[in-house]
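Before any comments, here is the structure.
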Amino acid sequence: MKSVVLLLSGGLDSAVLLADLKSQGLELWALNIDYGQRHSRETRAAKRLAEKYSVPLFSLQLPQLRQLMGGSALTSESIPVPEGHYQEEVMKQTVVPNRNMVFLSLAASYALSVKAEGVAYAAHSGDHHIYPDCRPEFIQKVSEVLRVCDWHSVGLLTPYAQFSKGEILKRGIELGVPFEETWSCYQGGAEPCGLCGTCVERAEAFAACGIEDPLLRSDDQLTLREKRQGRL
């Protein structure tokens with residue numbers, strides 16, 4: 012593929028994929044979707060990243076989707092964001108019903124309108140246990156559908172499907188990704204909570220790579236480690 016619409020959430024994974032595809036010389040369009048999620052500040056991160064890499068960003072405002080995608084801690088204020096590792100059963104509370112199917116369909120429509128050859132998203136192996144719409148079987152079936160969804164076939168690019176979070180981070184380090192411009196935390200606060208599944212996974216990835224998360228000061232790193240040791 013030479014031209015791609017990338018689903019750019021503003022998180023670490025999609026930021027690295029943005030840099031990766033850009034480094035390969037692909038023609039890119041970025042699509043960010045505000046679906047009324049609790050952690051909406053990731054949309055601001057997407058804007059900064061698109062500007063950083065000089066990629067046109069279509070920011071789609073669909074906050075009412077949260078009413079169709081209820082029953083998730085990310086879209087329903089009445090459901091608390093669970094703390095801990097993604098491997099824990101309670102993390103299924105963060106599944107947003109059919110989200111990636113909807114997002115990839117919208118991305119495919121955008122790709123067809125700008126005559127891009129395909130769409131890309133940063134599904135990775137760390138998501139397989141919790142999120143059905145990041146698993147290899149989902150990717151395979153959606154890829155088949157996108158090939159026949161229009162008179163023009165749409166490809167699906169998921170280069171990180173078998174990568175761990177640490178491997179994605181390592182690739183991002185190689186590419187010089189500005190991690191300080193990304194946002195991962197599922198809480199809607201001004202600072203990362205350090206306890207939700209995505210914060211824990213992000214912290215473990217940075218620790219495995221031997222570097223500090225630039226979103227946090229050194230004293231914050233210690234505080235979050237103490238929180239995790241005491242509560243996880």
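So the sequence shown is numbered by the numbering used here: it starts at 12 and just counts up by one.
The beta-carbon is built from N, C-alpha and C at its ideal position, and this holds for glycine as well.
How long is the line joining the alpha carbons of residue i and residue j, rounded to whole angstroms?
{"i": "Ser136", "j": "Cys145", "result": "8 Å"}
{"i": "His139", "j": "Cys207", "result": "17 Å"}
{"i": "Gly47", "j": "Ala122", "result": "23 Å"}
{"i": "Ala118", "j": "Ser25", "result": "14 Å"}
{"i": "Gln75", "j": "Arg52", "result": "17 Å"}
{"i": "Leu71", "j": "Glu223", "result": "32 Å"}
{"i": "Val165", "j": "Leu17", "result": "13 Å"}
{"i": "His96", "j": "Leu68", "result": "32 Å"}
{"i": "Gly183", "j": "Ala57", "result": "16 Å"}
{"i": "Ile179", "j": "Gln78", "result": "32 Å"}
{"i": "Ala134", "j": "Glu88", "result": "25 Å"}
{"i": "Ile141", "j": "Gln104", "result": "9 Å"}
{"i": "Thr86", "j": "Ile44", "result": "13 Å"}
Tell me, which residues are paired with residue i by DSSP?
{"i": "Gly166", "result": "Gly129"}
{"i": "Ser25", "result": "Answer is none; Ser25 lacks a bridge partner."}
{"i": "Val15", "result": "Leu39 and Gly129"}
Would residue i and residue j be called neighbours here (beta carbons separated by less than 8 Å)?
{"i": "Ser120", "j": "Val106", "result": "no"}
{"i": "Ala131", "j": "Leu23", "result": "no"}
{"i": "Pro143", "j": "Lys63", "result": "no"}
{"i": "Gly21", "j": "Trp194", "result": "yes"}
{"i": "Leu168", "j": "Ile150", "result": "no"}
{"i": "Gly177", "j": "Cys220", "result": "yes"}
{"i": "Leu60", "j": "Leu19", "result": "yes"}
Cα-Cα, which of the options is closest to residue i?
{"i": "Gly205", "options": "Met80, Val92 and Val15", "result": "Val92"}
{"i": "Trp162", "options": "Leu32, Ala133, Asn43 and Lys126", "result": "Lys126"}
{"i": "Arg201", "options": "Leu227, Ile184 and Arg182", "result": "Before going on, a small fix: residue 201 reads as Ala here, not Arg. Of the listed residues, the one whose Cα sits closest to Ala201 is Leu227."}
{"i": "Lys181", "options": "Glu215, Ala57 and Leu73", "result": "Glu215"}
{"i": "Glu148", "options": "Glu128, Met112, Gly129 and Val159", "result": "Met112"}
{"i": "Ser116", "options": "Asp31, Ala172, Glu94 and Val159", "result": "Val159"}
{"i": "Glu185", "options": "Val15, Asp31, Leu42 and Glu38", "result": "Asp31"}
{"i": "Glu128", "options": "Ala218, Trp40, Ser34 and Pro225", "result": "Trp40"}
Report the start-end ranges of each alpha helix (DSSP H) in the segment 31-108 that is 4 residues or longer and not cut off at the edges.
52-63 and 76-79
Could you pull out every unbroken beta strand (DSSP E) segment of at least 3 residues lying fully inside the segment 115-150, listed in chain order?
129-131
Can you give, in chain order, each stretch of the alpha helix (DSSP H) that sits fully within the segment 169-231 and has at least 4 residues?
176-186 and 208-220
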